[in-house]
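Protein chains: 2
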Amino acid sequence: MGPLPRTVELFYDVLSPYSWLGFEILCRYKNLWNIHLQLRPSLIAGIMKDSGNKPPALLSRKAQYLMGDIKLLREHMQVPLQFPKDFFSVILEKGSLSAMRFLTAVNTENPEMLEKVSRELWMRVWNRDEDITDPQSLLAAAEKAGMSTQQARGLLEKISTPQVKNKLRETTEAACKYGAFGLPVTVAHLDGHTHMLFGSDRMELLAHLLGEKWMGPVPPAVNAKL
Amino acid sequence: MGPLPRTVELFYDVLSPYSWLGFEILCRYKNLWNIHLQLRPSLIAGIMKDSGNKPPALLSRKAQYLMGDIKLLREHMQVPLQFPKDFFSVILEKGSLSAMRFLTAVNTENPEMLEKVSRELWMRVWNRDEDITDPQSLLAAAEKAGMSTQQARGLLEKISTPQVKNKLRETTEAACKYGAFGLPVTVAHLDGHTHMLFGSDRMELLAHLLGEKWMGPVPPAVNAKL
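Going line by line, the protein sequences match chains P and G.
All you need for the numbering used here is the position in the first sequence, starting with 1, plus 250.
All you need for the numbering used here is the position in the second sequence, starting with 1, plus 250.
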């Protein structure tokens, strides 16, 4: 028996494109590295408020850069990111509160489905420019991920319960306690220490900390290795 | 004869620790990849002003993160970064105007010395916590880089000429035209297109764009390859 897997937490919000990149990279590596990946749905708006940070896209030159950066990373990292047409309305006005509550409910009731439902929500907002605020949108994502209508409806009913609301608040606060001022945030637990890494561009550093091999954002498939 | 080397410009300021990381990585790769590296000393204060951006360390949670990040990257990237004791005075009050004018003069008169003198200035401010604003500091860095006292003094006399002042302003404006809102900025010229990459964490993406191999921040030495 080898050494115990190290816990790696990923705090993310489906509103954040860089969260999607970090999410896909860690999902690809979770079976290649000796880690236990904990997916932690959080609310980016809460983190911004608590830290006093502002979304980068509010500065016009950063917004401009972001669009080019996402385009290059999309291809390099093989994640099908596509800017929503009305970026500001989607990100700043509509937000992700119900989507992240929905994922919180998935995490509590059907944690084995969390990865797939998260990905389907990103596919909606950051690939097909579809809504993620209406109940119908959440149901559609859950069904696309492989849930039954009944199962999805059951989760939807839970998103306004105090349990789910509190759980999302607690997870967001946990990210803040680790020092988050945006998302994604990766927290590596190593030998009694925690290392908080911000952004999707610290994964090679994460590999270094874990003593694992970095093979780029698209590592050879687990299958190919066997 | 192989294909012509692609031009890669690196805009940097010795006040910026992430510029140092980008600088060392590109200096390591410049003979491993088929590139022509152009080092372009710029003024970060000018870029911040022009873009309306604020130094990240002004947000306390970002400042906190920066310190941990630099510490981890120092080891991972093997660049001896060390936070100056009075960070705010060094970065926000003292600044780098004379240092970057000095490097501009080096670039004009003795371009073959630019890499070494830049590194010695970083060693002063971001390793030994020494001044980089007094003429004596600039002379000391130049001499440590291998210049004669006479040569260094000749360059120092040039830093208040309109030629040098204008040249630094022009380089800073060029970075802004590429869309800079901070430093380092790497600009890759490929097949008639330019790609602007911000930060020290886009070097693997740069390799991808160039069709070159990324071997981590510390590639096997050129010598070891031969």
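We treat Cβ as the ideally placed atom computed from N, Cα and C, and that holds for glycine.
query: Among the residues of its own chain, which have a CB less than 6 Å from the CB of G/Ser387, if the five just before and after it don't count?; result: Asp381
query: Quick check on G/Arg378: buried or exposed, where buried means 16 or more other Cβ atoms within 10 Å of its Cβ?; result: exposed
query: Nearest to G/Leu254 by alpha carbon, out of G/His286, G/Tyr268, G/Glu393, G/Glu420?; result: G/His286
query: What separation, rounded to the nearest whole angstrom, lies between the Cα atoms of P/Leu327 and P/Lys321?; result: In the sequence as presented, Leu is not what sits at residue 327 of chain P; that position holds Met. Taking the straight line joining both Cα atoms gives about 10 Å.
query: Let me know the alpha helix (DSSP H) ranges lying completely inside the region 342-366 of chain G, each 4 residues or longer, listed in chain order.; result: 347-359
query: Expressed to the nearest angstrom, what Euclidean distance is found between the alpha-carbon atoms of P/Phe333 and P/Leu316?; result: 10 Å
query: Note down, in chain order, each residue of its chain lying with its Cβ closer than 7 Å to the Cβ of P/Thr422, except the 5 sequence neighbours on either side.; result: Ser292, Leu293, Gly296, Ile297
query: Can a CB atom of chain P be found closer than 7 Å to the CB of G/Gln328?; result: no
query: If you run the structure through DSSP and keep just helix, strand and coil, what is G/Phe333?; result: coil
query: Using a Cβ-Cβ cutoff of 7 Å, what residues of the region 295-314 of chain G are near chain P? List them in chain order.; result: Ser301, Gly302, Asn303, Leu309, Arg311, Lys312, Gln314
query: Might you give, ordered along the chain, the residues of its own chain that have their beta carbon closer than 7 Å to the beta carbon of P/Met397, omitting 5 neighbours on each side?; result: Met363
query: Look up G/Ile382 in the DSSP assignment and say whether it is helix, strand or coil.; result: coil
query: Does any residue of chain P bring its CB to less than 7 Å from the CB of G/Asp451?; result: yes
query: Which term fits P/Lys299, buried or exposed, when burial requires 16 or more other beta carbons within 10 angstroms of its beta carbon?; result: exposed
query: Which value, in whole angstroms, describes the spacing of the CA atoms of P/Glu365 and P/Leu289?; result: 8 Å
query: How would you write the range of the alpha helix (DSSP H) that P/Leu276 sits in, first residue to last?; result: 267-279
query: Does any residue of chain G bring its CB to less than 7 Å from the CB of P/Gly272?; result: no
query: Quick one: which chain G residues come within Cβ less than 8 Å of P/Phe431?; result: Leu309, Arg311, Lys312, Tyr315
query: Going along the chain, which residues of its own chain have a beta-carbon closer than 7 Å to the beta-carbon of P/Gly461, five neighbours each way excluded?; result: none
query: Identify whether P/Arg369 lies in helix, strand or coil by the three-state DSSP scheme.; result: helix
query: Quick one: residues in its chain with C-beta nearer than 8 Å to the C-beta of P/Leu418, no 5 flanking neighbours on either side, listed in chain order?; result: Pro291, Ser292, Leu293, Met350, Arg351, Thr354
query: P/Gly404 touches chain G at which residues, Cβ-Cβ below 7 Å?; result: Correct list: empty, because the minimum Cβ distance to chain G is about 38 Å.
query: Can you tell me where the beta strand (DSSP E) with G/Ile294 in it begins and where it stops?; result: Run containing G/Ile294: none in the beta strand (DSSP E); it sits in the alpha helix (DSSP H), 294-301.
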